[in-house]
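Below you'll find the structure, written out as structure tokens, and then a few comments.
What follows is the structure, encoded as structure tokens:
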């Protein structure tokens, strides 16, 4: 190593010493010239030696720096031209101005200079414009991590193919746990003899074992209606790509024998321990069953859920026993509470208000104070006539309170009953949920990922026609002193009639039983028709919206309103219902601007197409035949394009939720 790296040169200090030496030498010359002459010669020799040494050091330094600069330059050229790293300089119009030789392997031509960055990847230019610093692209089969230096118009490309392969291998080998449940097994086999039951078990087991063998899945039956399946992430991806065709196989085979047996899957996946994976699988199964069964729910460790299947209407499997048990539980909760507060969803419909009145009667039957939360500024035209009629009833209307009054009335000992929804974001007043520990959820919608946390009691039956039907059954098992007035029973019946489209959709035998009970209590069908009447201008506006309808695919019609023309959610829904009555139409979608500035989409079908899964892809939800969503920060054209893409994927890629 050169000396100047070991000890820094101190030439400045030496010259100070020499100046001091000259001053001292002058004094020596003054007193003893002989000694002064000797010292002068010695000092001159010392100065000569120091200067010469200093010059030698400077020369040596310059020589070393020159050599080092040459080596650094050589290494830089070697790194720039020879390292397995891509370097690209591009122009303002995103043309490649220079690229190191490493990049030439990605083109059949002699050089990529002069070509557009699109030659490498369509993602590059958009990501550069979005001021992103990094993007991963595929270049000729290689996975490249690209660092973007926008100010210098410079790209660095690192080959991460091996790293990606190792990561994918690790992810593909992750354990995935699934719980498979036979829907309705107990109800179906209850009246069968041993031979028929054994035949059903044999067929289902044979189908599942064959399916498991094809995909390399370990399958074990743990009970008459439950299986455990163990697989890896790669197998799960294959199943998702095939849209879990096993659901269709079981359904088609069993349906041929007129036995309505279907499968539900709960799948847990993620980088978690096996016990946590089991909890995810069980939670997914609960979610799938809560949505009506005949579907797959996949939940990962981040809490995100994916759905597949759900093509059939859920079978009616609730019994009078369950209704009686829930009614008894409701009775006890009401009796133990201080007050009973009831609220439905925002922009309530007849089902929400009718069910709320039914719960109010349960509270009164158990001699507890009850109140229905209703925002007077959030009443749509669809329920305006019903609310006006309720306001005339001096016994019923005082029990309706505003959300502000409810916040003052609620205590920790209050019982809060949420009807016709289970999503916290949709309830009339979300703050009420945190004000009491006792919350009951009664709903007929398929369970969504968003759910009220820690409810005391949940009564969700997705195969019921309406929440009013569920509440009516609960009323039948309350104390005999319960008296329903004509208006109260009419409100409940109106909820059933509206949600079933006058007993044409989602109607089971229990629906007619509930309607019969209400009719016996004085429900007036003529009054229901008055509630459902509409104004002429509303009819005209809906007709103009229907006029915009176009056939998109066979049997599917999409109607999109004009930009700047707003419609209420009721009109949008009614337009979709009307389109569904047209000849040859099996599914209808109506898109329009809403009064709140969002884009609303209402979807309807006759059951062959699951509009719920389509709307869930757009952050909405609902039923197989009746669903909707609201979109923010978008336009009607963009919403329509997105809907068309999802419909195309539904048919071309399989019906996945």
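In the working numbering, the protein residues as written are 876 to 1532.
Every residue gets a Cβ at the ideal spot worked out from N, C-alpha and C, and that includes glycine.
Note that the coordinates shown come from a computational prediction; the quantities given were computed from them, not determined experimentally.
Apply the 10 Å Cβ neighbour rule to residue i and answer buried if 16 or more other Cβ atoms are within range, or exposed otherwise.
i	result
residue 1289	buried
residue 1080	exposed
residue 1320	buried
residue 1013	exposed
residue 1218	buried
residue 1297	buried
residue 898	exposed
residue 980	exposed
residue 1197	exposed
residue 1334	buried
residue 1007	exposed
residue 1401	exposed
When the distance is taken between beta carbons, is residue j closer than 8 Å to residue i?
i	j	result
residue 1421	residue 1435	no
residue 1339	residue 1307	no
residue 1418	residue 1447	no
residue 1137	residue 1058	yes
residue 1366	residue 1457	no
residue 1521	residue 1489	yes
residue 1345	residue 1372	no
residue 1451	residue 1479	yes
residue 1139	residue 1160	yes
residue 1199	residue 1352	yes
residue 1383	residue 1361	no
residue 1054	residue 1101	yes
residue 1250	residue 1278	yes
residue 1248	residue 1276	yes
Check residue i in the structure and name its three-state DSSP category.
i	result
residue 1306	helix
residue 1501	strand
residue 1402	helix
residue 1289	coil
residue 1320	coil
residue 987	coil
residue 1175	strand
residue 1058	strand
residue 1205	helix
residue 1274	helix
residue 1013	strand
residue 1147	coil
residue 1075	helix
residue 891	helix
residue 1034	strand
residue 1468	strand
residue 969	coil
residue 1488	helix
residue 931	helix
residue 1234	helix
residue 1257	helix
residue 1137	strand
residue 1339	coil
residue 1117	coil
residue 1006	coil
residue 1244	strand
To the nearest whole angstrom, what separates the beta carbons of residue i and residue j, a pair I think is in contact under 8 Å?
i	j	result
residue 1208	residue 1332	6 Å
residue 1426	residue 1462	11 Å between Cβ atoms; not a contact.
residue 1368	residue 1236	Incorrect: roughly 14 Å between the Cβ atoms, too far for contact.
residue 1551	residue 1240	In the structure as shown, the chain begins at 876 and stops at 1532. Residue 1551 is therefore absent and cannot be evaluated.
residue 1156	residue 1141	5 Å
residue 1225	residue 1406	7 Å
residue 1029	residue 964	6 Å
residue 1493	residue 1481	About 21 Å separates the two Cβ atoms, so there is no contact after all.
Candidates the options: which alpha carbon is nearest residue i's?
i	options	result
residue 1442	1427, 1426 and 1414	1414
residue 1473	901, 1183, 1504 and 1017	1504
residue 824	1516, 1483 and 971	With the chain covering only 876 through 1532, there is no way to say anything about residue 824.
residue 1036	1011, 1056, 1060 and 1046	1011
residue 1439	1459, 1078, 1470 and 1527	1470
residue 1354	1238, 1326 and 1173	1238
residue 1098	1089, 1076 and 1112	1076
residue 1125	1153, 1078, 1144 and 1109	1078
residue 1154	1174, 1164 and 1221	1174
residue 1267	1527, 991 and 1363	1363
residue 1357	1242, 921 and 931	1242
residue 1315	1270, 1111, 1212 and 1152	1212
residue 1349	1234, 1444, 931 and 1295	1234
With 8 Å set as the bound, which would you pick, yes or no: does the beta-carbon of residue i sit closer than that to a beta-carbon of chain D?
i	result
residue 1295	No chain D appears in the structure shown, which is made up of a single protein chain.
May I ask whether a heavy atom of the ligand MN can be found less than 7 Å away from the beta carbon of residue i?
i	result
residue 1461	As presented, the structure is devoid of all ligands, the ligand MN included, so that no description of it is given.
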